[in-house]
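**Student:** Residue numbers (the numbering used here): 178 to 425.
Yeah, the Cβ is synthetic: ideal placement off N, Cα and C, and Gly gets one too.
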Ligand SMILES: Cc1cc2nc3c(=O)[nH]c(=O)nc-3n(C[C@H](O)[C@H](O)[C@H](O)COP(=O)(O)O)c2cc1C
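1) Mind reading off the beta-carbon distance from residue 345 to residue 297? Whole number of angstroms is fine, and I expect it under 8 Å.
2) DSSP on residue 321, reduced to helix/strand/coil?
3) Buried or exposed: residue 181, going by 16 or more other Cβ atoms within 10 Å of its Cβ?
4) Within this structure, are the beta carbons of residue 325 and residue 277 separated by less than 8 Å?
5) Using 7 Å as the cut-off, classify the Cβ of residue 398 as near or not near the heavy atoms of ligand 1, replying yes or no.
6) Measuring alpha carbon to alpha carbon, tell me which of 286, 322, 259 ends up nearest residue 302.
7) Tell me whether the stretch 209 to 226 and the stretch 366 to 382 touch, counting them as touching only if at least three CB pairs, one residue from each stretch, are closer than 8 Å.
8) For residue 305, tell me which candidate among 257, 216, 285 has the shortest Cα-Cα distance.
9) Do the CB positions of residue 420 and residue 388 come within less than 8 Å of each other?
10) Measure from the alpha carbon of residue 350 to the alpha carbon of each residue in 321, 404, 243, 238, then state which is nearest.
11) Can you tell me which residues form a DSSP beta bridge with residue 280?
12) Cβ-heavy atom distance between residue 337 and ligand 1 below 7 Å?
13) Which residues in the same chain have their Cβ closer than 6 Å to the Cβ of residue 205, if we skip the five residues on either side of it in sequence?
14) For the beta strand (DSSP E) holding residue 296, just list the boundary residues, first then last.
15) In angstroms with no decimal places, state the Cα-to-Cα distance between residue 410 and residue 425.
16) Output the boundary residues of the beta strand (DSSP E) element that contains residue 418.
17) Measuring straight from C-alpha to C-alpha, what distance separates residue 172 and residue 263?
18) Taking its Cβ as the centre, do 16 or more other Cβ atoms sit within 10 Å of residue 343, making it buried, or is it exposed?
19) Between the stretch 278 to 293 and the stretch 362 to 371, can you find at least three pairs of beta-carbon atoms closer than 8 Å?
20) Confirm the yes/no value for this check: CB of residue 288, any heavy atom of ligand 1, distance under 7 Å.
21) From 201, 416, 365, pick the residue whose C-alpha is nearest to that of residue 190; which is it?
22) Spell out a yes or no on whether the stretch 384 to 399 and the stretch 243 to 252 are touching, meaning 3 or more CB-CB pairs, one atom from each, closer than 8 Å.
Put into structure tokens, the structure is as follows:
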């Protein structure tokens, strides 16, 4: 076995390989738990989203959705509606109760280390640009307008052209401190596991509205972080997924 693999293989194993007695976490030191949602300037442009329950579904049988799910890299030119975007955000990071730690996706230790950004190209009544989801108030925070959004997001996706053709691209950043507070060096495997649940909920929910997605890990870290204006250390992109309508 290559020596480089050894530590990485250990990382994938049960967390019992770590002697937890040796860990000194910020929690042990009595520091406050980081919030599960990034703060924002209340004076920013905030777009209240319609209730996710108002969405019109094409398909609501889980059996049919599971059978249909696949990675889709071809999208038509249709816009997504704001109801559809609301539904997809709720399905991936929304709250299922009035509690920021109880969401539609599970998260180890209810840490919820992610923020969701949208690189928005074709959504009815919304200008092109970067937005951030605010799950606590089920709203979108307008981050910035981007004219050449297709070009920028394609670059962020390492040149994968189908990403630039999507109506909207979901980008999930991780804020590792949220997990490190409690789990120290165990936090990172948990974050990687959590990310899969989020993308899978997107895969399933898009199928139910006649849209498609494709998980993307082969992205350009620097270009993606710069597009979202995150610092690449305390917060950085970990996963992305373009979404667009499918069919004629
Ligand atoms: C973690 C992960 C990363 C992926 N990254 C990419 C990617 O960067 N580009 C791409 O075209 N597909 C990507 N895919 C999609 C896979 O290629 C796809 O899931 C696989 O070929 C199986 O096809 P299916 O999803 O249709 O069943 C990724 C999938 C996963 C789960």
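**Tutor:** In brief:
1) Here residue 345 refers to the residue found at position 168 of the chain shown. Here residue 297 refers to the residue found at position 120 of the chain shown. Right, the Cβ-Cβ distance comes to about 5 Å (below 8 Å), so this counts as a contact.
2) Start at 1 with the first residue of the chain shown, and residue 321 comes out as number 144. Residue 321: strand per DSSP, three-state reduction.
3) Your numbering for residue 181 matches position 4 in the chain shown. Classification for residue 181: exposed.
4) Along the chain shown, one-based indexing puts residue 325 at 148. Along the chain shown, one-based indexing puts residue 277 at 100. No, they are not a contact pair.
5) Translated into positions along the chain shown, residue 398 becomes position 221. Flag unset: Cβ of residue 398 not near ligand 1.
6) Here residue 302 corresponds to residue number 125 of the chain shown, with the count starting at 1. When only C-alpha atoms are compared, the closest one is 259.
7) no
8) Within the chain shown, numbered from 1, the residue matching residue 305 stands at position 128. Checked all of 257, 216, 285; the closest Cα to residue 305 is 257.
9) The sequence position of residue 420 within the chain shown is 243, counting from 1. The sequence position of residue 388 within the chain shown is 211, counting from 1. Yes; because the gap between Cβ atoms is below 8 Å, this pair is in contact.
10) What you label residue 350 is simply residue 173 of the chain shown in a count that begins at 1. Checking every option, the nearest Cα to that of residue 350 belongs to 404.
11) By one-based count along the chain shown, residue 280 stands at place 103. Per DSSP, 272.
12) For this step, residue 337 is matched to residue 160 along the chain shown. Checking the Cβ of residue 337 against ligand 1 gives yes.
13) Taking the first residue of the chain shown as 1, we reach residue 205 at position 28. Nothing meets the Cβ criterion.
14) Stepping through the chain shown from its first residue, residue 296 is reached at position 119. Note, residue 296: beta strand (DSSP E), 291 to 297.
15) The sequence position of residue 410 within the chain shown is 233, counting from 1. The sequence position of residue 425 within the chain shown is 248, counting from 1. About 42 Å.
16) Against the chain shown, residue 418 aligns to sequence position 241. Where residue 418 is concerned, the enclosing beta strand (DSSP E) stretches over 413 to 422.
17) A query on residue 172 cannot be resolved here, the shown segment of the chain reaching from 178 to 425 and no further.
18) Position 166 of the chain shown, counted from the first residue, corresponds to residue 343. Buried: at least 16 other Cβ atoms inside 10 Å.
19) yes
20) Within the chain shown, the letter at position 111 stands for residue 288. No, the Cβ of residue 288 stays beyond 7 Å of every heavy atom of ligand 1.
21) Position 13 of the chain shown holds residue 190. Comparing Cα positions, the closest option is 365.
22) yes
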